[in-house]
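With the UniProt record's numbering applied, the sequence shown covers 1 to 327. Have a look at the structure below before the remarks.
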Amino acid sequence: KKGAKFGAAGAAGFKKGAKAGKKGAAAVGGAKGVKKGFAAGKVAGKKGGAVGAKAVAKKAFAKAGKGIGRAGRGLGQLLALRFAKFGANVVIMDIEESLVKKTKDFIEKEFACVVKTYVCDITDSEMVMKTAQQIGKEVGFVSILVNNAGVLYGKSILELSDKNIMNTFNVNAISNFWTIRAFLPNMLIKNKGHIVTVASICGKTGFVQMTDYCASKHAVIGLNESLNYELLKHDNNQIKTTIVLPTFFNTTLINGVKPSSVIKIFDANRVADLTIDAILTDQPMIIIPSYLHFYFLLKDILPNEISNRIFQIIGGFHVMNEFKGNK
1 KKGAKFGAAG AAGFKKGAKA GKKGAAAVGG AKGVKKGFAA GKVAGKKGGA VGAKAVAKKA
61 FAKAGKGIGR AGRGLGQLLA LRFAKFGANV VIMDIEESLV KKTKDFIEKE FACVVKTYVC
121 DITDSEMVMK TAQQIGKEVG FVSILVNNAG VLYGKSILEL SDKNIMNTFN VNAISNFWTI
181 RAFLPNMLIK NKGHIVTVAS ICGKTGFVQM TDYCASKHAV IGLNESLNYE LLKHDNNQIK
241 TTIVLPTFFN TTLINGVKPS SVIKIFDANR VADLTIDAIL TDQPMIIIPS YLHFYFLLKD
301 ILPNEISNRI FQIIGGFHVM NEFKGNK
């Protein structure tokens with residue numbers, strides 16, 4: 001419409017100029033008007049297409065279940081609320097029954113959608129498989145799987161216990177294998193679905209007092225990329241993957257993390273909104289905040305001495321100094 005408006009203005013200018021006897025000038029003015037109208041129409045068309053794509057995707061949200069691992073609190077809870085807002089049937093798996101009940105009660109009070117909760121230890125492969133089968137019988141096809149469970153101890157490599165290390169990998173990384181293996185087969189049968197992995201910028205860099213956490217998030221990034229390639233081997237694959245790499249954001253997981261001029265503490269609601277947008281628009285990866293793309297690019301090409309110095313300047317050595325642990 002905007003393009004047509006500019007085009008019409010250009011045509012009107014041409015006619016007016018012709019009547020005034022200034023045909024040459026009018027021709028130039030008319031041509032400029034048409035050109036301006038075409039350009040504006042092109043821009044408006046692109047914007048309209050993007051908005052339209054989001055609108056279609058939002059409508060599709062209501063057609064099948066969405067499974068969210070660990071949605072009793074934090075980002076998982078915020079994502080569950082947003083799925084419910086779009087009218088989706090929400091399925092929550094969490095080991096803490098009291099927390100998922102609170103989330104379920106709140107969603108059912110605010111939104112008209114089906115909410116099912118399942119107490120499940122996602123580090124137990126057999127329990128995950130049995131829970132997935134139960135979900136299939138009671139809810140049906142899960143079209144979007146969100147893996148967002150996480151644990152952080154904030155200890156140096158020598159302070160970590162064996163149990164700390166194993167639990168970090170079991171919760172942050174290995175559990176993703178169990179949930180994907182449980183829900184992917186039905187996605188392959190229907191040739192549709194979306195697997196969303198909430199990782200961290202710690203999967204692209206290291207941090208002091210986070211050896212176990214960073215290693216687990218690196219593992220998750222490798223899992224997601226390899227899974228994407230495996231899916232692409234299938235003819236006409238329609239199963240999408242999205243990995244979310246946020247900086248630290250304000251949940252109990254990072255209680256006491258010290259921000260710097262570059263390493264900011266993001267609002268969890270903002271992270272949830274950007275994650276939903278990434279799902280709606282089929283983005284394979286998002287880094288939050290986006291300017292960290294440049295840091296990771298430089299980190300990979302600069303000499304180690306310079307990269308180390310930059311890491312020190314941005315506060316990477318001290319970000320965990322006041323960490324209080326999970327509450």
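We put the beta carbon where it would ideally sit given N, CA and C, even for glycine. Every value quoted in this text rests on a predicted model; they were computed, and no experiment measured them.
Worksheet item: From what residue to what residue does the alpha helix (DSSP H) around LYS217 run?
Response: Its alpha helix (DSSP H) spans residues 211 to 232.
Worksheet item: alpha helix (DSSP H) containing THR168: first to last residue?
Response: Its alpha helix (DSSP H) spans residues 162 to 169.
Worksheet item: Quick one: is TYR153 buried, meaning 16 or more other Cβ sit within 10 Å of its Cβ, or exposed?
Response: Under this definition TYR153 is a buried residue.
Worksheet entry | Residue interval of the beta strand (DSSP E) (run including TYR118) | Judged by DSSP secondary structure, TYR118 falls within the beta strand (DSSP E) whose first and last residues are 115 to 119.
Worksheet item: How would you label THR281, buried or exposed, when you count the other beta carbons within 10 angstroms and need 16 or more for buried?
Response: Exposed is the call here.
Discussion item. Going by C-alpha to C-alpha distance, which of SER226, ARG270, ILE314 and SER216 sits closest to ALA149?
Written reply: Cα-wise, what sits closest to ALA149 is SER216.
Discussion item. Buried or exposed for GLN209, going by 16 or more other Cβ atoms inside 10 Å?
Written reply: Classified as buried, GLN209 has 16 or more neighbouring CB atoms from the shown chains inside 10 Å of its CB.
Fill in: Three-state secondary structure assigned by DSSP to VAL244
Judged by DSSP in its simplified three-state form, VAL244 adopts strand.
Worksheet item: At which residues does the alpha helix (DSSP H) containing THR103 begin and terminate?
Response: 97 to 110 is the span of the alpha helix (DSSP H), which, as asked, contains THR103.
Discussion item. Tell me the DSSP secondary structure of VAL196 in three-state form.
Written reply: It is a strand residue.
Worksheet entry | Span of the beta strand (DSSP E) around MET93 | That run of the beta strand (DSSP E) goes 89 to 94.
Practice prompt. Using beta-carbon positions only, say whether LEU227 and THR241 come within less than 8 Å of one another.
Written response: Yes, the Cβ-Cβ distance between LEU227 and THR241 is below 8 Å.
Worksheet item: Per DSSP, what kind of secondary structure is VAL151 in: helix, strand or coil?
Response: Note: VAL151 maps to coil in three-state DSSP.
Practice prompt. Decide if LEU223 is buried, meaning its Cβ has at least 16 other Cβ atoms within 10 Å, or exposed.
Written response: By the neighbour-count rule (16 or more Cβ atoms within 10 Å), LEU223 is buried.
Worksheet item: By the 10 Å Cβ neighbour count, where 16 or more other Cβ atoms means buried, how is VAL199 classified, buried or exposed?
Response: The sequence shown places Ala at residue 199, rather than the Val named in the question. If you draw a 10 Å sphere on the C-beta of ALA199, you find 16 or more other C-beta atoms in it, and that means buried.
Item to complete: May I have the straight-line CA-CA distance separating ASN186 from ILE239, to the nearest angstrom?
Response: Taking the straight line from one Cα to the other gives about 11 Å.
Worksheet item: In angstroms, rounded to a whole number, what distance separates the CA positions of LEU160 and ASN250?
Response: Each residue's Cα considered, the two are about 24 Å apart.
Worksheet entry | Three-way DSSP call (helix, strand, coil) for PHE323 in this model | Secondary structure at PHE323: coil, using DSSP grouped into helix, strand and coil.
Item to complete: Using the Cα positions of VAL128 and PHE169, report the straight-line distance between them to the nearest angstrom.
Response: Near 16 Å, if we compare the C-alpha coordinates of PHE169 and VAL128.
Discussion item. Here's the rule: buried if 16 or more other CB atoms are within 10 angstroms of the residue's CB, otherwise exposed. What is PHE294?
Written reply: Exposure of PHE294 is indicated by the presence of fewer than 16 other C-beta atoms within 10 angstroms of its C-beta.
Discussion item. Strictly by DSSP, which residues pair up with VAL208?
Written reply: Paired residues: none, contrary to the question.
Worksheet item: If you draw a straight line from the C-alpha of ALA50 to the C-alpha of ALA272, how long is it?
Response: Any reading at ALA50 is ruled out, since the residue's pLDDT is 39, under 50, leaving its predicted position unreliable.
Worksheet item: Using the beta-carbon count (16 or more within 10 Å), is TYR229 buried or exposed?
Response: It is exposed - the Cβ of TYR229 has fewer than 16 other Cβ atoms within 10 Å.
Fill in: Assumed close pair VAL82, ILE276 - CB separation to whole angstroms, cut-off 8 Å
The amino acid occupying residue 82 in the given sequence is Arg; Val does not appear at that position. Correct: roughly 5 Å between the Cβ atoms.
Fill in: Extent of the continuous beta strand (DSSP E) to which ILE286 belongs
From DSSP, the beta strand (DSSP E) with ILE286 extends over 285 to 288.
Fill in: alpha helix (DSSP H) segment containing ALA278, residue limits
Per DSSP, ALA278 belongs to the alpha helix (DSSP H) from 268 to 280.
Discussion item. Buried or exposed, going by whether 16 or more other CB atoms sit within 10 Å of the CB of ASN304?
Written reply: Under the 10 Å beta carbon count, ASN304 is surrounded by fewer than 16 other beta carbons and is classified as exposed.
Worksheet entry | Residue span of the alpha helix (DSSP H) that contains ASP235, given as start and end | Where ASP235 is concerned, there is no enclosing alpha helix (DSSP H), given that its DSSP letter is neither H nor E.
Worksheet item: Taking VAL171 as the reference, which of ILE189, VAL146, ASP124 and VAL139 has the closest Cα?
Response: The residue with the shortest Cα to Cα distance from VAL171 is ASP124.
Discussion item. Taking only three categories from DSSP, how would you classify ILE314?
Written reply: When DSSP states are grouped into helix, strand and coil, ILE314 belongs to the coil group.
Worksheet item: Around the C-beta of LEU297, are 16 or more other C-beta atoms found within 10 angstroms, so that it is buried, or is it exposed?
Response: Burial state of LEU297 is exposed, judged by a 10 Å Cβ sphere holding fewer than 16 other Cβ atoms.
Discussion item. Can you give me the C-alpha to C-alpha distance between GLY315 and ALA219, rounded to a whole angstrom?
Written reply: Approximately 24 Å, taken between the alpha carbons.
Worksheet item: What residue does the alpha helix (DSSP H) around VAL128 start on, and which one ends it?
Response: Run containing VAL128: 125 to 138, per the alpha helix (DSSP H) assignment.
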